[in-house]
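Working notes, beginning with the structure itself.
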Amino acid sequence: MADRASGQRLSERYGEEIKRAFETDSGIEQKPFYGPEDVAPHLDERLGEPGKPPYTRSPYPDLYRTKMFTMRQIAGFGSAHDTNARYRYLFEQGQTGISTDFDHPTLIGLDSDHPLALHEVGKVGVAVDTVQDVIELFDGVPLDRVTVSLTINHPTPVLMGMLCLAAESQGLPWSVLNGTTQNEPLKEFYAQKTYVFPPRPALKLMTDTLEFGIKNLPQWKVLSVSGGHVRENGANAIQEMAFSLSDAITYVQCGLDRGLGIDDIARNVTFHHVIHMDFFEEIAKIRALRRMWTHIIRDRFGAGDPKNWRFRVHVQTGCENLTAQMPIVNVARTAIQALAGALAGVQSLHVNGMDEAYSIPSEEAMKVALRTSQLVAYETRATNVVDPLGGSYYVESLTDELENRAWALIKTIEDRGGMLASVEDGYISRLVADEAHRKQRQIETGQRLIVGVNKFVDEDVRHLEIFRASREMRERQLARLAAYRAARDRKALAKAVDGVREAAAKDENVMGPIIDALRAHATEGEVMGALKDVYGEYQPETAY
1 MADRASGQRL
11 SERYGEEIKR
21 AFETDSGIEQ
31 KPFYGPEDVA
41 PHLDERLGEP
51 GKPPYTRSPY
61 PDLYRTKMFT
71 MRQIAGFGSA
81 HDTNARYRYL
91 FEQGQTGIST
101 DFDHPTLIGL
111 DSDHPLALHE
121 VGKVGVAVDT
131 VQDVIELFDG
141 VPLDRVTVSL
151 TINHPTPVLM
161 GMLCLAAESQ
171 GLPWSVLNGT
181 TQNEPLKEFY
191 AQKTYVFPPR
201 PALKLMTDTL
211 EFGIKNLPQW
221 KVLSVSGGHV
231 RENGANAIQE
241 MAFSLSDAIT
251 YVQCGLDRGL
261 GIDDIARNVT
271 FHHVIHMDFF
281 EEIAKIRALR
291 RMWTHIIRDR
301 FGAGDPKNWR
311 FRVHVQTGCE
321 NLTAQMPIVN
331 VARTAIQALA
341 GALAGVQSLH
351 VNGMDEAYSI
361 PSEEAMKVAL
371 RTSQLVAYET
381 RATNVVDPLG
391 GSYYVESLTD
401 ELENRAWALI
411 KTIEDRGGML
421 ASVEDGYISR
431 LVADEAHRKQ
441 RQIETGQRLI
451 VGVNKFVDED
461 VRHLEIFRAS
471 REMRERQLAR
481 LAAYRAARDR
491 KALAKAVDGV
501 REAAAKDENV
511 MGPIIDALRA
521 HATEGEVMGA
531 LKDVYGEYQP
541 ETAY
């Protein structure tokens, strides 16, 4: 009887395959093979040489032969002390850059002692309430030598101000700070959903930080335009491309409307994307994005410095692809994705932990992920040659097709009044929801095969030890915040916070008043509260 049951399972596992659809993840039909006739004429013009416009092949002539991609594992949990310890551990393991995730209260501008925040403190990122938290976060991290990425959006003005004061605490001028703030307000409304302000005030604050950065932070990149979050929310590669570039177009125009110079703006724009499992489509996507950005910033906006035409990108392996079932297989998934990122010529890479379908990664999972980056960088020799897939009939055809389809979607968005209008009326959210539903239906019907989920399911489940932020972490953070509040000059604090409110009401740049308020020991929640008094809070509506 047991043998019969076993035979039945084998028959189910290795029986007739469901008919496969030969198309890319985003629905582009795939031929059995490709030849010269599949590549459009004038390929040399569309490619250029590595390090030369339109930068299809690479933004730099020697790429990894001169400088390996930055290994920038995201870290953030508990208090600043806890996350700082993780930074130090990762640097000991060979990490070369910092990326910081913040907890939900910080992302939406609430202090850790706010009633809505209490059960979220430090759970999916680091809790930051005060300048002192940021000083401790980067304790022992030389901010003049290490590049830092802050994944923060609507509260960016506050966190940028805190970082500037943390640099001062190390005896450093602001001008030495090097790194990025995500500062991507529009994608919050259709992707990550950690919004605070309505779209138009959010754009105003983004422009304030852009102006501040241009004047005070010559090495910092104020904008890291993210296509990654919407991809993880269900969008396909074409939508990821079109939405991130449409966001970037909006932000550049905001800067121009403020009177900022186009080359100053362009220097401050970088990108954040993800690499999913469709190996060749992901490589072609990054190549197409480089070419498209050159045309946008050079031909549409007139940036004059060729260095500012470069599409510089940090990528993360795909969270959407991580499975709770058979999590050890996620190591293989992320290795494939990391290799695709390297072959695409990205500037910075984060590899996800195998356990991130459950929680933020454990220390061990992060070490394995970092070792994956190092393996790709130093064992595969895939980094020895710039754009090694350049000239492939299939890759060039796919690069062209992705570009053409992304341009078509950008045109649709612009015909509707642009990205802001398309975000405000829910159009972008509807497209994302429809695509996410399409993918889920493909999984449920077996058209889209996921190993361990709907194919080759392993009944011998091995459970990982899952990381959880402890109650003690939260209690320490609350105690620190209470002590910080108790030691302040209340009159000076009230005056400084009023200054933020007044600047916002007068439509002035709020960065200076925010830094003054932080010097008076205002918390993030207090500064954000003053801005909410003027700008209000976003109230979402249904997209359908």
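Mapping of the sequence shown onto the numbering used here: position 452 corresponds to residue 452, and the numbering continues sequentially without gaps.
Don't be surprised by glycine CBs; every beta carbon is placed ideally from N, CA and C.
Please read all numbers here as calculations on a predicted model, not as lab measurements.
- Message: Taking the alpha-carbon of A332 as reference, which of T317, L343, V346 has the nearest alpha-carbon?
- Response: T317
- Task: Determine the burial state of Y378: buried for a count of at least 16 other Cβ atoms within 10 Å of its Cβ, exposed for fewer.
- Result: exposed
- Are L107 and L518 touching if we call contact CB-CB under 8 Å? no
- Backbone secondary structure at H437 - three-state DSSP: helix
- Message: Need the endpoints of the beta strand (DSSP E) that D101 sits in, please.
- Response: 98-101
- Message: Can you look up S112 in the DSSP assignment and give me helix, strand or coil?
- Response: coil
- Hey, A244 and G227: beta-carbon distance below 8 Å or not? In the sequence as presented, Ala is not what sits at residue 244; that position holds Ser. Going by C-beta atoms, S244 is nearer than 8 Å to G227.
- Determine the direct distance from the alpha carbon of Q170 to that of A408, and round the result to whole angstroms. 49 Å
- Let me know if N330 comes out buried or exposed under the rule of 16 or more other beta-carbons within 10 Å of its beta-carbon. buried
- Query: Tell me which same chain residues have a C-beta within less than 6 Å of the C-beta of F22, skipping the five on either side of it?
  - Reply: Q30
- Beta-carbon gap between E188 and N509 smaller than 8 Å: no
- Can you check whether the CB of P50 is closer than 8 Å to the CB of D305? no
- Message: Under 8 Å, with one C-beta from each stretch per pair, do the segment 409-427 and the segment 98-106 reach the 3-pair mark?
- Response: no
- Item | Contact check, Y190 vs V230, beta carbons under 8 Å | yes
- Message: I need the DSSP call for M354, collapsed to helix, strand or coil.
- Response: coil
- Under the DSSP definition of a beta bridge, which residues are partnered with S392? Beta-bridge pairing links S392 to no other residue.
- Query: Looking only at C-alpha atoms, which of P53, W220, D489 sits nearest to M292?
  - Reply: P53
- Message: Measuring only the C-alpha atoms, how far is G345 from R57?
- Response: 8 Å
- Taking V269 as part of the beta strand (DSSP E), name the residues at either end of that continuous run. 269-275
- Query: Pick from A284, V453, D62: whose alpha carbon is nearest that of G390?
  - Reply: A284
- Excluding five sequence neighbours on each side, which residues of the same chain lie with their C-beta closer than 7 Å to the C-beta of E526? V497
- Task: In the DSSP assignment, find the unbroken beta strand (DSSP E) run with H314 in it and report its ends.
- Result: 313-317
- Item | Option nearest T181 by Cα separation, candidates P32, S246, L150 | L150
- Message: Measuring straight from C-alpha to C-alpha, what distance separates P198 and Q539?
- Response: 8 Å
- Item | From E45, G140, K67, E120, residue whose alpha carbon lies closest to that of R88 | G140
- Task: Compute the beta-carbon to beta-carbon distance between I275 and A340, rounded to the nearest angstrom, for a pair I have assumed lies under 8 Å.
- Result: 5 Å
- Query: So, are the CB atoms of V534 and A504 less than 8 Å apart?
  - Reply: yes
- Query: Roughly how many whole angstroms lie between the Cα atoms of M277 and G48?
  - Reply: 28 Å
- Task: Just grab the DSSP bridge partners of W309 for me.
- Result: W309 pairs with nothing; no bridge assigned.
- How would you call R200, buried or exposed, if buried means at least 16 neighbouring beta carbons within 10 angstroms? exposed
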